[in-house]
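Here's the structure we're looking at; comments come further down.
Rendered as structure tokens:
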């Protein structure tokens, strides 16, 4: 078993799942045991793991969202694993840096999981993203719209946002309720 598979197995084993997340957790566990390169963006059946970052200031009052160029919705920064990513947290951190330029990040662990469908595109069949969502805090306020992004902004956890990705409201609600472990 590869180091990434071992790390994800440990993350999923220790993750406190809410009732609505149980199907996603079961699907993630099945993918983790499937043959093939399940962290590669070309693993289409049924899909592949991705990593994203829920970035907040230290008081957890806001979240960074990006306006994704291909999807046309506001989402948390994230994306595909790359060969340079030694851990799932590394993948999420790299995606945050690439998409909105935040480089000072403190990781706080897995805050959410989600499996969502990706429509067929020119060279890709329809498939699913098995997203591991990590919580990060930062004191860095300046954002940039970089790779694959047309906008980046701080959004209050209670703010109403148009064109919000289908599972992002769930993330905002989780951050609004989040209390760090003592």
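In our numbering, the protein residues as written are 326 to 507.
All residues carry an ideal CB built from backbone N, CA and C; glycine is no exception.
{"Asked": "Tell me, please, whether the stretch 338–350 touches the stretch 431–442 by the rule of three or more beta-carbon pairs shorter than 8 Å.", "Found": "yes"}
{"Asked": "Taking residue 342 as the reference, which of 403, 457 and 358 has the closest Cα?", "Found": "457"}
{"Asked": "Considering only the beta carbon of each residue, do residue 379 and residue 455 sit closer than 8 Å?", "Found": "no"}
{"Asked": "Let's test the definition: count the other Cβ atoms within 10 Å of the Cβ of residue 418 and tell me whether it reaches 16, buried, or not, exposed.", "Found": "buried"}
{"Asked": "Suppose you measure from the CA of residue 395 to the CA of residue 473; what does that come to, to the nearest Å?", "Found": "7 Å"}
{"Asked": "In chain order, what residues of the same chain lie with their CB nearer than 7 Å to the CB of residue 386, ignoring the 5 residues before and after it?", "Found": "481 and 482"}
{"Asked": "Taking C-beta to C-beta, are residue 493 and residue 400 nearer than 8 Å?", "Found": "yes"}
{"Asked": "Taking one C-beta from the stretch 352–367 and one from the stretch 419–436 each time, how about it: are there three or more such pairs within less than 8 Å?", "Found": "no"}
{"Asked": "Is it the case that the Cβ atoms of residue 464 and residue 371 are separated by a distance below 8 Å?", "Found": "no"}
{"Asked": "Leaving out five residues on either side along the sequence, give the residues of the same chain with a beta carbon under 7 Å from the beta carbon of residue 497.", "Found": "388 and 482"}
{"Asked": "Who are the Cβ neighbours of residue 422 in its own chain at under 7 Å, not counting the five residues just before and after it?", "Found": "428"}
{"Asked": "Could you give the distance in angstroms between the alpha-carbon of residue 503 and the alpha-carbon of residue 359?", "Found": "33 Å"}
{"Asked": "Could you tell me the boundaries of the alpha helix (DSSP H) in which residue 337 lies?", "Found": "328–339"}
{"Asked": "Nearest-angstrom Cα distance between residue 416 and residue 407?", "Found": "7 Å"}
{"Asked": "So residue 416 is in the alpha helix (DSSP H); what residue range does that whole segment cover?", "Found": "413–425"}
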